[in-house]
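Okay, so the sequence shown: first residue is 212 according to the UniProt record's numbering, each after it adds one.
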Amino acid sequence: SHNLSFEQRLSMIRNKVGRRLLEIVLKKQSNLAVAADVTTSQELLSIASQVGPHICVLKTHVDIIEDWNETVCEQLVHLAKSHQFLIFEDRKFADIGNTVELQFTGGIFHISQWADIVNAHIIAGPGTIQALRKASEHCGILLLAQMSSKGNLAVEEYTQKAIQFAKQYEDAVFGFISMGCIGEPNFIYFTPGVKLEKGGDSLGQQYTDPKTVIGIQKSDIAIVGRGIIHASDRKEAALTYQKACWDAYVQRIGK
Ligand code: UP6
212 SHNLSFEQRL SMIRNKVGRR LLEIVLKKQS NLAVAADVTT SQELLSIASQ
262 VGPHICVLKT HVDIIEDWNE TVCEQLVHLA KSHQFLIFED RKFADIGNTV
312 ELQFTGGIFH ISQWADIVNA HIIAGPGTIQ ALRKASEHCG ILLLAQMSSK
362 GNLAVEEYTQ KAIQFAKQYE DAVFGFISMG CIGEPNFIYF TPGVKLEKGG
412 DSLGQQYTDP KTVIGIQKSD IAIVGRGIIH ASDRKEAALT YQKACWDAYV
462 QRIGK
């Protein structure tokens, strides 16, 4: 099923953010997401403007930014609009619904106000998803069905449960964090742990290259962090990854 093109799958996606994502992917010919794991707002904004033209999604961990404020947020949203990418706050919500609602809307980050995409673990049950869906209509949800790190517990029945939850909340959940395509074409698959050089880090990360992730494991969107963030020329690196990921997609669907 997953040799369908993004064009063919667009109308199959129930959630509006999911459809908007595929429109951006097609328009920019980019199925690359960059994980902007840096600790200052200046670096975050500079990455967003450097890689902006080459990505469909910028993935943030807003709680690692030491000087986050509303102006930074406005600037990031402005960059997202002008370069046409979606902002994915990788918060990995995992608590009971009531707490998740507070974490999503409140605190100092007010994630629900600016994130286009957020993700959630399924460990606490469907209440987590219900809270996110209730608190924001404009934000699409991804469920963690698998992980890239060594020894993670998101396997087998756990993965199947995530698929089941996604089907149950298909209006709000439009895809997964997974190591490849694990289900139907009406969902979008995002894969982290992607790098041109195989290997890992000293804390359990495991890398797979874009060709394997998109071409063989049939994922849709490759999430690249340090492969781009640690490059001497981030813009150039983003272009290299954009091409590698897009070529793998084009080859897979046989165009
Ligand atoms: N991430 C993973 N693996 C997962 C889920 N999420 O690596 O299973 C996230 C990390 C990080 C990014 O939180 O932001 O993807 C990977 O970054 P890297 O390419 O620098 O390893």
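Note that beta-carbon positions come from the ideal geometry of N, C-alpha and C, so glycine has one too.
Would you decide whether residue i is buried or exposed? Buried here means 16 or more other CB atoms lie within 10 Å of its CB.
i      : result
His441 : exposed
Ser212 : In this prediction, Ser212 scores a pLDDT of 47, lower than 50, which makes its location untrustworthy; no coordinate-derived value is stated.
Asp301 : buried
Glu367 : exposed
Ala241 : The sequence given here places Ser at residue 241; Ala does not occur at that position. Ser241 should be labelled buried.
Glu312 : buried
Gln371 : exposed
Gln314 : buried
Gly438 : buried
Run through the DSSP bridge pairs and tell me what residue i is partnered with.
i      : result
Ile434 : Ala244
Glu300 : Thr271, Val329
Gln417 : Gly411
Tyr460 : Beta-bridge pairing links Tyr460 to no other residue.
Val424 : None; Val424 has no bridge partner.
Val405 : Thr419
Ile399 : Gly386
When the Cα atoms are used, what is the spatial distance from residue i to residue j?
i      : j      : result
Gly394 : Ile374 : 7 Å
Gln286 : Glu254 : 12 Å
Gly404 : Ile432 : 12 Å
Ser360 : Leu407 : 17 Å
Ser323 : Cys284 : 12 Å
Gln261 : Pro396 : 32 Å
Trp457 : Ala244 : 12 Å
Leu233 : Phe217 : 6 Å
Asn280 : Val228 : 25 Å
Asp420 : Leu414 : 19 Å
Thr339 : Gly351 : 13 Å
Arg230 : Asp327 : 12 Å
His272 : Ser389 : 18 Å
Ile464 : Lys446 : 27 Å
Ile399 : Leu237 : 14 Å
Tyr452 : Asp382 : 31 Å
Glu277 : Asn363 : 28 Å
Gln219 : Tyr460 : 14 Å
- Item | Any beta strand (DSSP E) of 3 or more consecutive residues that is wholly inside the segment 369 to 397 | 384 to 388
- Task: Within the segment 308 to 370, note down every full alpha helix (DSSP H) run reaching 4 residues or more, in order along the chain.
- Result: 308 to 316, 322 to 325, 338 to 346
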